[in-house]
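A.B. asks:
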Amino acid sequence: MFILTIEPIISSVYQSKLDSPEAGALAIFEGRVRNCNDGKVVQSLEYEAYTELATIEGEKIVTRAMEAFEILNAICIHRMGHLNIRDTAVWVGITSRHRHAAFSACQFIIDEVKLHVPIWKKEYYGNGDTGWVNCNCTHAHSGNENQ
Amino acid sequence: MFILTIEPIISSVYQSKLDSPEAGALAIFEGRVRNCNDGKVVQSLEYEAYTELATIEGEKIVTRAMEAFEILNAICIHRMGHLNIRDTAVWVGITSRHRHAAFSACQFIIDEVKLHVPIWKKEYYGNGDTGWVNCNCTHAHSGNENQ
Amino acid sequence: MINVNVEYFALLKDQRGCSEESVKTEAKTAQDFYQELQLRHKFSLSHNSLRVAINHEYKDWNTALSPNDTVVFISPVAGG
Amino acid sequence: MINVNVEYFALLKDQRGCSEESVKTEAKTAQDFYQELQLRHKFSLSHNSLRVAINHEYKDWNTALSPNDTVVFISPVAGG
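Put into structure tokens, the structure is as follows:
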């Protein structure tokens with residue numbers, strides 16, 4: 000299951016969906032908004048998605064994980080919109096009988112999501128500038144965003 | 000932080016202790032009671048610890064993880080006493096700036112805890128037998144436990 | 000001359016100043032089409048830094064465009 | 000002849016039928032001491048499957064015992 004949501008991600012809500020009497024292991028990864036990136040003070044950030052393709056690519060990744068690892072279930076949730084420091088941006092939860100498969104699948108999903116799912120992140124810095132991460136393109140606060 | 004507890008482990012309680020504005024990653028592992036082990040139906044189980052040494056060895060493992068990996072915080076909680084299927088037996092939570100360190104430290108801690116911390120697990124099977132896991136020693140329900 | 004729908008996200012949306020437009024083009028491939036738009040709108044990223052999706056599917060840059068295709072140029076992603 | 004405190008856990012506690020006892024012994028090392036107790040109480044596991052802790056610290060089997068040591072024989076652990 001892969002979901003894009005604008006609601007805050009509550010770990011316990013998704014954990015309860017993973018409950019299973021056969022599951023001996025649960026591995027969870029949460030990506031959270033840090034107050035600092037590349038040496039710059041980050042105040043908040045905004046996630047934007049190309050929703051149709053992001054959903055398709057996200058589901059493909061979760062399906063590939065279910066096939067490639069001995070796991071029972073896999074959920075990946077990505078938050079959209081404006082997020083503050085400490086907010087959870089992405090949540091991945093995996094259940095399996097034995098723990099190694101859960102860890103491997105959890106890492107696989109977050110690695111693949113970061114590479115292939117069309118989601119972008121705009122950082123808002125302490126000095127008023129903004130920048131699209133990975134695009135080498137910080138804009139000054141007063142600058143023309145169309146340049 | 001390494002803790003032995005007889006109380007149910009509530010993930011959200013320990014997650015909130017790991018909150019930090021620098022943390023970009025949170026990796027969690029939960030070991031849960033499965034309904035099946037080695038082909039036998041498990042109904043419940045009991046954890047027993049040599050408390051003094053378990054606490055010392057557990058703290059050593061968490062300290063080694065803090066030194067060996069680029070992480071911000073690490074917590075490991077192990078439940079004691081009688082547990083039912085789906086209950087959380089062990090909880091490991093790690094925060095870090097970047098995700099790889101969190102995953103590595105989380106796996107390191109659970110691997111080391113399983114190897115070195117003096118905690119034992121007695122399984123109660125569907126047919127009334129019991130057995131100490133890893134001791135090659137299932138006992139029939141009616142048998143003399145002193146044999 | 001065919002009609003193609005373009006959706007913009009993130010940096011490209013900021014640089015174009017809109018999120019969607021319909022464009023008449025003689026471009027034969029996705030790459031030709033991007034280069035045409037890059038010139039017109041002064042997009043800062045070359046096609047080498049981007050991927051292209053046509054009708055919600057990642058495609059090669061040399062894919063031919065068909066009338067009414069929905070084209071999205073995908074700047075470096077940063078989910079997670 | 001020295002006096003040593005022994006604590007039992009898990010399988011060894013079941014096989015001994017108690018969790019703690021004080022034992023007078025002439026055993027020089029932890030290994031000698033375990034073998035003495037194994038014979039007396041018919042413990043099923045040989046010392047090769049166990050580890051030994053003295054005064055809440057893992058020790059080698061050839062560690063010498065001192066009066067009033069607390070000794071724990073640790074059967075294969077199964078935490079997690």
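Chains as they are written, first to last, in numbering that gives the first Met the number 0: chain F, 0 to 146; chain C, 0 to 146; chain W, 0 to 79; chain R, 0 to 79. All C-beta atoms in this analysis are idealised placements derived from N, C-alpha and C, irrespective of residue type, glycine included. In this text the structure is predicted, and so the values were computed from the model without any measurement.
1. Could you compute how far the alpha carbon of V89 of chain C sits from the alpha carbon of L38 of chain R?
2. Could you give the residue range of the alpha helix (DSSP H) that holds A101 of chain C?
3. Assuming N36 of chain F contacts E122 of chain F under a Cβ cut-off of 8 Å, what Cβ separation, rounded to an integer in Å, is found between them?
4. So that I know if they touch, is there some Cβ in chain C lying closer than 8 Å to that of A26 of chain R?
5. When you compare the CB positions of A73 of chain C and A64 of chain C, do they come within less than 8 Å of one another, or not?
6. Who are the neighbours of E51 of chain F on chain W, taking C-beta pairs under 8 Å?
7. Report yes if the C-beta distance between V132 of chain C and I27 of chain C is below 8 Å; otherwise report no.
8. In chain W, what lies closer than 8 Å to P7 of chain F by C-beta?
9. Along the chain, where does the alpha helix (DSSP H) containing V61 of chain C start, and where does it finish?
10. Identify the contact partners of V76 of chain R in chain C, using a Cβ-Cβ distance below 8 Å as the criterion.
11. Tell me, to the nearest whole angstrom, how far the beta carbon of A168 of chain C is from that of S95 of chain C; I am working on the premise that it is less than 8 Å.
12. Measure the alpha-carbon distance for V70 of chain W versus I108 of chain F and round it to whole angstroms.
13. Which full runs of the alpha helix (DSSP H) of 4+ residues lie inside the stretch 13 to 77 of chain W, going along the chain?
14. Under 8 Å, CB to CB, which of the residues in the stretch 70 to 82 of chain F have a partner in chain W?
15. Exposed or buried, what is Q14 of chain R when buried is set at 16 or more other beta-carbons lying within 10 Å of its beta-carbon?
16. Between which two residues does the beta strand (DSSP E) holding Y124 of chain C run?
17. Do the CB positions of V22 of chain R and D68 of chain R come within less than 8 Å of each other?
18. Determine which residues of the stretch 3 to 34 of chain W have a Cβ less than 9 Å from any Cβ of chain F, and write them out in chain order.
19. Comparing the C-beta of S95 of chain C with each C-beta of chain F, is any distance below 8 Å?
C.D. replies: Walking through what the data contain:
1. For this step, residue 89 of chain C is matched to residue 90 along the second sequence. For this step, residue 38 of chain R is matched to residue 39 along the fourth sequence. About 36 Å.
2. Reading the second sequence from its first residue, position 102 is the one you call residue 101 of chain C. 98 to 115 is the extent of the alpha helix (DSSP H) around A101 of chain C.
3. Here residue 36 of chain F refers to the residue found at position 37 when the first sequence is read from its first residue. Here residue 122 of chain F refers to the residue found at position 123 when the first sequence is read from its first residue. That pair is a contact at about 6 Å.
4. What you label residue 26 of chain R is simply residue 27 of the fourth sequence in a count that begins at 1. Not one chain C Cβ lies under 8 Å of A26 of chain R.
5. Residue numbering aside, residue 73 of chain C sits at position 74 when the second sequence is read from its first letter. Residue numbering aside, residue 64 of chain C sits at position 65 when the second sequence is read from its first letter. Going by C-beta atoms, A73 of chain C is nearer than 8 Å to A64 of chain C.
6. The sequence position of residue 51 of chain F within the first sequence is 52, counting from 1. Simply H55.
7. Residue 132 of chain C sits at position 133 when you count from the first residue of the second sequence. Residue 27 of chain C sits at position 28 when you count from the first residue of the second sequence. Against a cut-off of 8 Å, the Cβ pair of I27 of chain C and V132 of chain C comes out as no contact.
8. Working through the first sequence from its first residue, we reach residue 7 of chain F at position 8. Under the 8 Å cutoff, chain W gives no residues; its nearest Cβ is about 17 Å from P7 of chain F.
9. The residue you call residue 61 of chain C lines up with position 62 of the second sequence. 50 to 67 is the span of the alpha helix (DSSP H), which, as asked, contains V61 of chain C.
10. Translated into the one-based positions of the fourth sequence, residue 76 of chain R becomes position 77. Here the neighbours are K113, L114, H115, V116, P117, I118, W119, N133.
11. Lying outside 0 to 146, the shown extent of chain C, residue 168 of chain C is not represented and no answer is given.
12. Taking the third sequence and counting its residues from 1, the one referred to as residue 70 of chain W is at position 71. Taking the first sequence and counting its residues from 1, the one referred to as residue 108 of chain F is at position 109. Cα to Cα, V70 of chain W sits roughly 26 Å from I108 of chain F.
13. 29 to 40
14. H77
15. Position 15 of the fourth sequence holds residue 14 of chain R. Looking at its Cβ environment, which holds 16 or more other Cβ atoms inside 10 Å, Q14 of chain R is buried.
16. Along the second sequence, read from residue 1 onward, the residue named residue 124 of chain C stands at position 125. 118 to 124 is the extent of the beta strand (DSSP E) around Y124 of chain C.
17. Locating residue 22 of chain R in the fourth sequence gives position 23, where the first residue counts as 1. Locating residue 68 of chain R in the fourth sequence gives position 69, where the first residue counts as 1. Contact flag unset, no.
18. E6, F8, A9, L10, K12, D13, Q14, R15, G16
19. As a working mapping, residue 95 of chain C is identified with position 96 in the second sequence. Output row for S95 of chain C: interface = no.
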